[in-house]
Amino acid sequence: MSTNNIIDPANLVYAKPELMNDADMHYCPGCSHGVVHKLVAEVIDEMGLREKTIGIAPVGCAVFAYNYLDIDWQEAAHGRAPALATAVKRLNPDRMVFTYQGDGDLAAIGTAETIHAANRGENIVIIFINNAIYGMTGGQMAPTTLLNMKTSTTPNGRDVYENGYPLKITDLLAQLQGVCLATRQSVHTAAAVKKAKKMIRKAFENSMENKGTSIVEIVSTCSSGWKMTPAQANDWMVENMFEAYPIGDLKNI
Numbered sequence: 001m002s003t004n005n006i007i008d009p010a011n012l013v014y015a016k017p018e019l020m021n022d023a024d025m026h027y028c029p030g031c032s033h034g035v036v037h038k039l040v041a042e043v044i045d046e047m048g049l050r051e052k053t054i055g056i057a058p059v060g061c062a063v064f065a066y067n068y069l070d071i072d073w074q075e076a077a078h079g080r081a082p083a084l085a086t087a088v089k090r091l092n093p094d095r096m097v098f099t100y101q102g103d104g105d106l107a108a109i110g111t112a113e114t115i116h117a118a119n120r121g122e123n124i125v126i127i128f129i130n131n132a133i134y135g136m137t138g139g140q141m142a143p144t145t146l147l148n149m150k151t152s153t154t155p156n157g158r159d160v161y162e163n164g165y166p167l168k169i170t171d172l173l174a175q176l177q178g179v180c181l182a183t184r185q186s187v188h189t190a191a192a193v194k195k196a197k198k199m200i201r202k203a204f205e206n207s208m209e210n211k212g213t214s215i216v217e218i219v220s221t222c223s224s225g226w227k228m229t230p231a232q233a234n235d236w237m238v239e240n241m242f243e244a245y246p247i248g249d250l251k252n253i
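Be aware that the sequence shown starts at 1, since it is given in the numbering used here, and climbs by one per residue.
Structure representation (structure tokens):
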């Protein structure tokens, strides 16, 4: 038997998490969702929570998250993931319960559910993917869309008078007493991926220790919605998104 293809674990740089199913992802090239899925899978495996984790799937680009991570899932109505997560966690307090939501799902139709679950200090984790656009339904303006940013419903750019200001929902949640962790990360570089994973793990630990609500926002790209290549989208995100949504911890107690 040839040993040419055997990899020394000490030299292993990358491997697919065991928790991830062998399913082709439907996400567009350059989409941040796949990277975040991998981080969530790694954290669950490393914490030994495979049999104790329940994910709440959203409506939007990540609606098929249950196809990729081999854990128990519930699918919520549009925007209602934090409400469903509340019920799941209260009925199963020993489980690690998290929602996985985009900005349209969380910060538009789901604003009330998000704020009230966090205000109650529900022991859940909210993974929030913020790409400042409705990616699945045609690239419309989202609550998080930047000022002057062009979308299919703001072809001349988002205007304050007509559309208001971008909603910085994580900043709002950080003010609530029930929130123990509010952090904003990204996954556009290796260093950023490492920090994002660290904060996802911290959030999961908070849930298991009943510290309250944790929200991990991932400032993300949407190459298709932004009409850019993946490389261009990364550069545009750094140059524009990070000014409106600065990376770092807003609250960590």
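For every residue, glycine included, the Cβ atom is placed at its ideal position computed from N, Cα and C.
Distance between residue j and residue i (C-alpha atoms, nearest Å)
| i | j | result |
| --- | --- | --- |
| residue 128 | residue 10 | 34 Å |
| residue 74 | residue 197 | 23 Å |
| residue 23 | residue 90 | 32 Å |
| residue 117 | residue 86 | 7 Å |
| residue 19 | residue 97 | 16 Å |
| residue 210 | residue 204 | 10 Å |
| residue 88 | residue 27 | 28 Å |
| residue 52 | residue 65 | 17 Å |
| residue 239 | residue 92 | 43 Å |
| residue 187 | residue 34 | 10 Å |
| residue 111 | residue 153 | 21 Å |
| residue 243 | residue 54 | 34 Å |
| residue 151 | residue 195 | 30 Å |
| residue 191 | residue 40 | 16 Å |
| residue 134 | residue 78 | 13 Å |
| residue 145 | residue 182 | 20 Å |
| residue 230 | residue 36 | 16 Å |
| residue 225 | residue 161 | 24 Å |
| residue 14 | residue 42 | 11 Å |
| residue 38 | residue 165 | 32 Å |
Whether residue i touches residue j by CB criterion (9 Å)
| i | j | result |
| --- | --- | --- |
| residue 119 | residue 176 | yes |
| residue 206 | residue 125 | yes |
| residue 62 | residue 108 | no |
| residue 81 | residue 56 | yes |
| residue 250 | residue 169 | no |
| residue 114 | residue 173 | yes |
| residue 104 | residue 139 | no |
| residue 216 | residue 199 | yes |
| residue 179 | residue 121 | yes |
| residue 212 | residue 131 | no |
Cβ distance (whole Å) where residue i is taken to contact residue j below 8 Å
| i | j | result |
| --- | --- | --- |
| residue 254 | residue 30 | The requested residue 254 is not part of the displayed model; the chain covers only 1 to 253. |
| residue 184 | residue 248 | 6 Å |
| residue 302 | residue 70 | The structure shown does not extend to residue 302, since the chain is modelled only from 1 to 253, so the question has no answer here. |
Worksheet entry | the segment 152-160 touching the segment 209-224, judged by at least three CB pairs closer than 8 Å | no
Discussion item. Report the start-end ranges of each beta strand (DSSP E) in the segment 196-252 that is 3 residues or longer and not cut off at the edges.
Written reply: The segment 196-252 contains these whole beta strand (DSSP E) runs: 213-219, 248-252.
Fill in: Segments of 4+ residues assigned as alpha helix (DSSP H) that fall wholly inside the segment 75-147
Considered as a whole, the segment 75-147 harbours 81-91, 111-120 as its complete alpha helix (DSSP H) runs of no fewer than 4 residues, in chain order.
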